[in-house]
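Per my numbering, the first sequence starts with residue 43, numbered consecutively. Reviewing the structure listed below.
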Amino acid sequence: MPELPEVETVANGVDARVRGQKIVRVWTSGKPQTFKSPETEIAETLTGARIERVKRVGKTIVMDLKKGNRATAGKKQVLRSAQDDNSNFSAQFLVHLGMTGRLLVSQAEVELPPHTHAVLSLADGREVRFVDPRRFGRLSVVTAEGGYQGPGVEPTTVTAEEFAGLFKGRKLAIKAALLNQSILHGVGNIYADESLFRAGIRPRKQAGKLTRAELGRLHTALQQVLAHAIELGGSSVSDYVDADGVRGFFQLEHKVYSRAGEACLDCGAGLKKIVVGGRTTVYCPACQR
DNA sequence: AGGTTGACCTGGACGC
DNA sequence: TGCGTCCAGGTCAACC
């Protein structure tokens, strides 16, 4: 499942391949659910734009776009006056991968995979393709001042103090709090379980009742596990594939996720499976108190 | 308003 | 074998 490290891996991979490219044509599938902005608006915004860079905000891939006058100069200087001249109109294309979404860069000759929902044709003949069998992914365009900031706090850079403050007075389970994107954005089921294991904390413990020491351990564990996963190129559970089609390999490092019933790698106890915040949760009853 | 639950999707795993 | 059922989970709307 694409969580923060996977999304970052994809964003970096796509950035390295398409930065500076101009989008000359856009095709969308017409499946309404996939498009958070109207398809016509997406097509209009992207067509003719230059890709300034591709990055990650939370679990969202953000493509910074520029529709400057220079890029189109000489092409068709129609009678759009003052507005266009100093427009340097900038916008952002947001790609949320959902569960099974992939953002691929391919030669146009390569056959379109099934479940392709958007194709951005680049000036050099390649295409950026959004493929998503399960259709939990979402595409949109925004023009917010200062750019898209995401719904919550960035976990990779949040300080220990700010991190602790996020959970003050919260009555929900710490696992549910970690998954709540308006608190922290980017953490999903895998890294929530992995960081709670490494911090030795029960997933069901009330977020507001964590001790100072526990919050400190969780902050450290979360940032370490995310950094490690980013380093390894993100997880590749089931259907995640990065921009090159190369699978990541962080799944080799999972200590609890999807290991229910198996022995804890630290103490040998049987790992337990429960449901927290509507999500399957695996933890070690001996190591996590 | 904070917290919880279920719907949205489809492919793959599993059971009989 | 093949069919049916269940499960996966990110996010949002609806509900408590």
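Glycine residues also receive a C-beta, built at the ideal position from the N, C-alpha and C atoms. As the structure is a computational prediction, the values presented were derived from the model and not from experiment.
A direct Cα-Cα distance of roughly 11 Å separates Ala-241 from Gln-265. Boundaries of the beta strand (DSSP E) harbouring Thr-158: 158-164, taken from the DSSP string.
In the structure shown, the three-state DSSP call for Ser-237 is helix. Counting the other CB atoms within 10 Å of its CB gives Asp-166 a total below 16, which places it among the exposed residues. Contact check for Val-66 and Leu-164: beta-carbon distance about 7 Å, within the 8 Å limit, so the pair qualifies. Assignment of Asp-106 by DSSP, reduced to helix, strand and coil, places it in the strand class. With distances taken between CA atoms, Ser-237 lies nearest to Cys-326 out of Ile-84, Cys-326, Leu-145.
Here Glu-256 is buried: its Cβ has 16 or more other Cβ atoms, across all protein chains shown, within 10 Å. DSSP places Ala-263 within a helical segment (H, G or I) once states are collapsed to three.
Secondary structure at Val-52: helix, using DSSP grouped into helix, strand and coil. In the DSSP assignment, Ile-93 forms a beta bridge with Leu-107. With contacts defined by Cβ atoms closer than 8 Å, Ala-91 and Lys-109 form a contacting pair.
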